[in-house]
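Residue numbers (this note's numbering), protein chains in the order written: chain Z, 44 to 497; chain W, 44 to 497. In this text, a Cβ means the ideal position worked out from N, Cα and C, and glycines have one as well. As the structure is a prediction and not an experimental result, all values here were calculated from the model.
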């Protein structure tokens, strides 16, 4: 039998794990500086927690876990006789795998509402599972990094989350544009265009501007029954990039005026902030996840690569409603860690030390020296250095081949002479340079200022 | 609908996540110093990778994932008609959840055998899932922390793994005894007693010594058909605690002599090592997982609590055999992180700072001060401090209530006066003491030497 992993899921090699942990830890450090707290939810949720939350397609993409034991004894007889898979499912499976971090977070907030102090700031970095057809860059198991605050309507949090994007991405070396809009602006546009009744049609068309250009957007609007007058009003608006111009256009509408006020307050909080590697761009055409967001909307695109969005989010007013807790406003964003990984690979942004596994590799040429070397290695490890030792005395060629294979940056050989003199030669495997040092102390001082970035 | 999580799985609150991450990161740091490299394997494995590896009971405890789409169209018709759950399962489910980290590791090694340099040292810290009946302290989702080296028979690794237990547990403050034995010693005992044909019976009885005492062990042996002569030979052996006495007894047997030699070599590597909070105890009765281990066997028990084992492992000779790669010897141990958590809670070993979420919490009493405070908070976060700000100006009582609820260690209030003078009073929430500082710099220097242990 030739072993394999299921399609759409992956093993991660040491170098990959290190790079992934590098991303997660940099992002997590920023979340913590901003006062967000970690929670974790279980891999398996009750299916009735998950179903109905992600639309019909989402329900089909949920991984369902078969009940244990004699599950057929409680199966839906009618569905069994009809060979009706979808009708049978809920009678033989009561658990599913986490599909995102948002629904479990909502469930957590409702279950713990009396223990939680609002505003509740949480982050969550965990894998999710979706039965999407596997394809390049799309996996059935992947990590999400979500950061949300619930229980406050303050626009300070929108500003804070944009700073978190800037800090987190800059710490990783990723330059990006943070596109910002507000659902109320789009509502104001619809109101100004007297197309309120065709709001979703309008949004769907505007959302395509990037891909198909303004002329085709206008044609699409016409096809969807938006009047010529409305289209003539809307099209010039899509070029607007500043709030003053926008106010002149839609400031008279109720939603538009509120949306502009919100964006102004948001910008006021950011006034004094110096962006590191990101910039905020007002993008009137941004309509991401509009059925869900009720206020500000964010979408992040890395510069210098063509990768789609590497993050997004916004404000929502009814996260916990489906679990019976009304009127909890929240705002949150997500780091697309899997795509950030690809961006960093493509742009060569991982530091050279990220997959460094060892400081020094030691080899012994006889058994007595091997015992001596093991003692030395133990001491060096006690000083915090990452050290390894070839497991037995062996010929040089074989040991050096291994040292090369595991990419040891430095090596040291111990024989009779070194054991007696405690004088060691450390060899740089890249340059071939050798440096002589005295005793354990000499080795430690050699590595004291050596960049260890784990 | 009242939301809940499935029985046997858990949410983790911020304090719990921090404590768990504290344990994982301390252990991981030790693994890395010892030259072990991280890998990760997917949550879902092919069922044919998992089944048959954990015995019949294990197969029943595997969580199976229902195939997506119209799974009944490919279901076993006979099993369906017979309502035979176990016969049906493999036709409607082809994936299962990871049951341990050992089998996926073996699969990984075989799949990557040509890319891997042996000895291959890996660690893996990931959750596993078992459909055990949930009960106190036993969960259906729990973490394992495994560290193994495959592709070498050197006893240096046995010594190294014992050091890793000592270092890892000591870093966590846990004192423990590391019980050590060797399968070959038990084989030598059986040989000495001329009971080779009743080896497993003998081991099962010896394994009970701790619980039922020597007299009942002897009775049990008799019941299982071990001869009076063998029992008379064996019983005094079970009191032996040193290798010299043991050698006098079973040194003449082939296995016994080999086992003693292995333990001597193992001890030779540890000769110069000063244990920090652990001790090695030779325990001739140790028979943990004997069907699996072929050489040294380890079991770790924390001192000062009654908790069962908090770790274990040993040497195995045929990890990868079931995946078609023969003769790969390996040795590995596991940290029982969930139990270590309980030990640390019971003995109060978590450092006070482990669930500290913030350095300083700031409150503003008017909108202008709030903008000012936000700017200040941003700067302080830039210096690496974990800072939070109440999201809007509000009455003192309400803001202080929140600061208390989130357990802010220090608070600072900003109003008109503070904003203009840039002179701030930092209040210690525990003692009530207030300290006056000048400007951002004053705040930073206050927290510079503040213990942040994250």
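Within the DSSP bridge table, the entry for residue 341 of chain Z names Z:223 and Z:356 as partners. Around residue 376 of chain W, no beta-carbon contact reaches into chain Z at under 7 Å, the shortest distance being about 16 Å.
A residue is called buried when at least 16 other Cβ atoms come within 10 angstroms of its Cβ; residue 147 of chain W meets this threshold and is buried. Beta-bridge analysis with DSSP links residue 187 of chain Z to Z:169. Here residue 269 of chain Z has 238, 241, 244 and 245 as same chain residues with Cβ atoms under 7 Å from its own Cβ, once five neighbours each way along the sequence are excluded.
Here residue 222 of chain W is buried. Its C-beta has 16 or more other C-beta atoms within 10 Å.
For residue 81 of chain Z, the three-state secondary structure derived from DSSP is strand.
Per DSSP, reduced to three states, the secondary structure at residue 107 of chain Z is strand. Identification of chain W residues near residue 435 of chain Z by a Cβ-Cβ cut-off of 8 Å yields 195, 197 and 199, ordered along the chain.
Note on geometry: alpha-carbon atoms of residue 227 of chain Z and residue 372 of chain Z lie some 15 Å from one another. In this structure, DSSP gives residue 467 of chain W an extended state, which the three-state scheme calls strand. The C-alpha of residue 280 of chain W is placed about 14 Å away from the C-alpha of residue 248 of chain W.
Proximity of residue 154 of chain Z to chain W, defined by a Cβ-Cβ separation below 7 Å, is satisfied. By the neighbour-count criterion, in which 16 or more other beta carbons inside 10 Å mark a residue as buried, residue 322 of chain Z falls on the exposed side. Residue state for residue 432 of chain Z is assigned as strand, using DSSP reduced to three classes. At a cut-off of 7 Å between beta-carbon atoms, residue 80 of chain Z makes contact with chain W. At least 7 Å separates the CB of residue 438 of chain Z from every CB of chain W. Nearest C-alpha to residue 61 of chain Z among Z:401, Z:285, Z:180 and Z:209: Z:401. Residue 381 of chain W is not bridged by DSSP to any residue. Under a 10 Å Cβ-count criterion, residue 234 of chain W is classified as buried, with 16 or more other Cβ atoms of the shown protein chains found around its own Cβ. Counting every other CB atom within 10 Å of its CB across the protein chains shown gives residue 394 of chain Z a total below 16, marking it as exposed. Counting every other CB atom within 10 Å of its CB across the protein chains shown gives residue 158 of chain Z a total below 16, marking it as exposed. For residue 217 of chain W, there are no neighbours in chain Z by C-beta distance under 7 Å, as the nearest C-beta there is about 18 Å away. If you draw a straight line from the Cα of residue 92 of chain W to the Cα of residue 185 of chain W, it comes to about 20 Å. The beta carbon of residue 46 of chain Z falls within 7 Å of a beta carbon belonging to chain W, placing the residue at that interface. Residues of the region 71 to 103 of chain Z that bring their beta carbon within less than 8 Å of a beta carbon in chain W comprise 75, 76, 77, 78, 80, 81, 82, 83, 84, 85, 86, 87, 88, 89, 91, 92 and 103, in sequence order. Under the Cβ criterion of 7 Å, residue 114 of chain W is counted among the residues facing chain Z.
Residue 434 of chain Z is a Cβ neighbour of residue 195 of chain W, given a cutoff of 7 Å. In the structure shown, residue 299 of chain W adopts helical secondary structure according to DSSP, grouped into three states. Between the C-alpha atoms of residue 267 of chain W and residue 260 of chain W there is a straight-line separation of about 11 Å.
Residue pairing by DSSP places residue 481 of chain Z opposite Z:466 in a beta bridge. Distance from the CA of residue 377 of chain W to the CA of residue 378 of chain Z, rounded to the nearest whole angstrom, comes to 33 Å. Taking a C-beta distance under 7 Å as the contact criterion, residue 417 of chain W and residue 312 of chain Z qualify as a contact pair. Per DSSP, residue 323 of chain W lies in no alpha helix (DSSP H); the unbroken beta strand (DSSP E) holding it starts and ends at 321 to 325.
Counting every other CB atom within 10 Å of its CB across the protein chains shown gives residue 413 of chain Z a total of 16 or more, marking it as buried. Here residue 479 of chain W is exposed: its Cβ has fewer than 16 other Cβ atoms, across all protein chains shown, within 10 Å.
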